[in-house]
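**Q** Sending over a structure as structure tokens; questions will come in a sec.
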Amino acid sequence: MSKDKPDPKAKPKPHYHGHRMRLRERFAQSGPEALADYELLELLLFRAIPRRDVKGLAKTLIEKFGGFAEVLGATPERLAELPGMTKAIARELKITHAASLRLHQAGVMNRPVVSSWSALLDYCRAALAQETREQFRVLYLDRKNRLIADEVQNRGTVDHTPVYPREVLRRALELGATAVILVHNHPSGDPTPSKSDIEMTREVITAARALKISVHDHIIVGREDVVSFKALGLM
């Protein structure tokens with residue numbers, strides 16, 4: 540058979556043939572700004588799905604969760620709700636999310652919170668906005684108001700996390716921290732402080748005052764927004 544004529548027995552190439560290479564080349568030449576969210580997500584999905592068109596899955600993920608960051612922050616349980624989702628795919632997405640959090644953390648760790656406040660809020664949002672259960676974290680600061688530790692103090696249910704002021708302050712003393720910032724999320728999506736949030740914050744402030752430890756703020760992370768007790772005049 541002539542080399543110039545196609546083999547009639549050969550299987551036709553899929554419509555997405557060459558798409559992966561073109562997408563990778565566009566990323567390399569023009570950077571992530573040249574890609575839509577679903578296209579950047581496709582690049583991640585390539586790692587877990589070596590031979591399949593993933594554009595549809597990428598678009599479905601973006602549509603379901605609302606954006607690229609929201610997809611990465613989604614829990615494995617929520618990811619598993621999508622048809623075609625596998626443990627391998629979810630694992631790749633969570634690895635990428637963990638790497639993103641490390642980058643956010645590097646931007647605030649051991650730096651004065653006053654000069655990196657916006658980065659700190661971005662970090663809190665990235666860590667907690669997509670959590671389906673309440674999580675209470677404490678940011679511990681040294682005498683120069685530099686962040687020296689970020690620790691999960693407790694995890695709770697969809698609408699409650701038990702908080703123990705004594706444990707918060709015991710850990711502050713162990714770390715040599717002179718100030719703390721309280722952080723927790725509202726899985727409902729609404730970051731408005733509840734009555735119990737306000738009462739708990741006052742308990743921590745009262746207990747901390749006796750040990751000469753300052754409570755700089757209490758941050759609540761919602762699905763789309765973050766609120767500060769200090770900005771609301773609640774402390």
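Each residue of the sequence shown is one higher than the one before, starting from 540 at the first, in my numbering.
Glycine residues also receive a C-beta, built at the ideal position from the N, C-alpha and C atoms.
#1: Would you say the beta carbon of VAL691 comes nearer than 7 Å to a heavy atom of the ligand MG?
#2: Just mark MET540 as buried or exposed, buried being the case when its beta carbon has 16 or more other beta carbons within 10 Å.
#3: For LYS751, would you say it is in contact with chain B, using Cβ-to-Cβ distances shorter than 8 Å as the test?
#4: Alpha carbon to alpha carbon, how far is PRO701 from ARG559?
#5: Let's see if you can read the secondary structure: which residues bound the alpha helix (DSSP H) around HIS643?
#6: Out of curiosity, what's the CA-to-CA distance linking ILE759 and LEU596?
#7: Between the Cα of ARG762 and the Cα atoms of PRO571, GLN644 and ALA665, which residue gives the shortest distance?
#8: Any idea what DSSP makes of ARG591, helix, strand or coil?
#9: Between which two residues does the alpha helix (DSSP H) harbouring HIS558 extend?
#10: Assign GLU564 to one of two classes, buried (16 or more other C-beta atoms within 10 Å of its C-beta) or exposed (fewer than that).
#11: Suppose contacts are defined by Cβ-Cβ distances below 8 Å. Is ALA718 in contact with SER753 by that definition?
#12: Use the C-beta contact count for GLN568: other C-beta atoms within 10 angstroms, 16 or more gives buried, fewer gives exposed.
#13: Assuming LEU580 contacts PHE607 (C-beta within less than 8 Å), just tell me the rounded distance between them.
#14: Between the alpha carbons of PRO704 and LEU640, how many angstroms are there, rounded?
#15: Please list the terminal residues of the continuous beta strand (DSSP E) segment that includes ARG694.
#16: Which residues does DSSP list as the beta-bridge partners of GLN674?
#17: Can you tell me where the beta strand (DSSP E) holding SER733 begins and where it ends?
#18: When DSSP labels each residue in this structure, what does MET540 get in the three-state scheme?
#19: Quickly, what does DSSP pair ASN724 with across the bridge? List them, please.
#20: Please say whether MET648 and VAL686 have beta carbons closer to each other than 8 Å?
#21: Is the Cβ-Cβ distance between ILE588 and ILE628 less than 8 Å?
**A** Result, derived from the coordinates:
#1: Of the ligands one can find in the structure shown there are none, so the ligand MG has no counterpart to examine.
#2: Residue placement at MET540 is poorly supported in this model, since its pLDDT is 48, which falls under 50; the coordinates still yield a value, given next. Under this definition MET540 is an exposed residue.
#3: As a matter of chain content, chain B is missing from the structure shown, which is built from one protein chain.
#4: 48 Å
#5: 626–645
#6: 32 Å
#7: ALA665
#8: Taken through DSSP and simplified to helix, strand or coil, ARG591 comes out as coil.
#9: 558–569
#10: exposed
#11: In this structure, ALA718 lies near SER753, with their beta-carbon atoms less than 8 Å apart.
#12: exposed
#13: About 6 Å; that satisfies the 8 Å criterion.
#14: 27 Å
#15: 686–694
#16: Answer is ARG694, bridged to GLN674.
#17: SER733 -> no beta strand (DSSP E), and no H or E assigned at all.
#18: For MET540, the pLDDT reaches just 48, beneath the cut-off of 50, and the residue's location in the model is therefore unreliable, leaving the point undetermined.
#19: VAL760
#20: The residue asked about is misnamed: residue 686 is Leu in this sequence, not Val. Contact: yes.
#21: Going by C-beta atoms, ILE588 is nearer than 8 Å to ILE628.
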